[in-house]
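**Student:** Chains as they are written, first to last, in the numbering used here: chain A, 42 to 156; chain B, 780 to 894.
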């Protein structure tokens, strides 16, 4: 079975400071991993995805994540937080079953950005 | 271009009523997914279509849940005899084809409240 664990349900940072959202995964195979962001009353938006090419993945809005197999981690980072980054972030692992890609979501991390 | 759209955005139902939730995927997208997101949780997979074929319905919580995609584009998720535990946000996602099947694009969701 595949799963992801988001280690923090809530993270608060000051604007302009670095962001770190932690995610650990469990997978029997080489996984595909994603980070999605969900703003209030808006759809989930793909930030970035890892599919076994480069271990450091760059996404939109200055976010990036590093796949570390030895630590089974896929933490999301951003050098400098912006107020518009405040949202819910989900770490996601993909399970390929036949032709379907079934996404398994973590429980989410709510990012709060303060002035 | 237009993204995934869902309607209605909000639905209040009395316990025992039937509801129908609609999803319009991105034009030309072959794969369509339904997820259920309970309050404070990550989305959970319900069912998957490739064109008009429902290839996986393992996540549907009971036989009161039924999904269809008769012409391979618009999909409807129907819940019969709604119960309070059905209250959640129902998310629809689509992806282009098997080559891009892991990148899923999400709609804004339908928030269902069963009283």
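The C-beta atom is built at its ideal place from N, Cα and C for all residues, glycine as well.
Going by DSSP, which residues form a beta bridge with residue 854(B)?
**Tutor:** 802(B)
**Student:** Return the bridge partner residues of residue 116(A) from the DSSP annotation.
**Tutor:** 107(A)
**Student:** Taking only the alpha-carbon atoms, compute the straight-line gap between residue 885(B) and residue 84(A) and give it to the nearest angstrom.
**Tutor:** 6 Å
**Student:** Chain B partners of residue 108(A), CB-CB under 9 Å?
**Tutor:** Here the premise fails: no neighbours, minimum Cβ distance about 15 Å.
**Student:** Along chain A, in chain order, which residues have C-beta atoms closer than 9 Å to that of residue 807(B)?
**Tutor:** Under the 9 Å cutoff, chain A gives no residues; its nearest Cβ is about 17 Å from residue 807(B).
**Student:** Rank 853(B), 793(B), 800(B) and 792(B) by C-alpha distance to the C-alpha of residue 889(B) and give the top, closest one.
**Tutor:** 800(B)
**Student:** Using three-state DSSP, classify residue 881(B) as helix, strand or coil.
**Tutor:** coil
**Student:** So what does DSSP say about residue 65(A), is it helix, strand or coil?
**Tutor:** Secondary structure of residue 65(A) (DSSP, three-state): strand.
**Student:** Can you list the residues of chain B that residue 148(A) reaches, using a CB-CB cut of under 9 Å?
**Tutor:** What residue 148(A) touches in chain B, judged by beta-carbon distance under 9 Å, is 819, 820 and 821, going in chain order.
**Student:** Express the C-alpha separation of residue 70(A) and residue 802(B) in angstroms, rounding to a whole number.
**Tutor:** 32 Å
**Student:** Any idea which residues DSSP pairs residue 790(B) with across the strands?
**Tutor:** 891(B)
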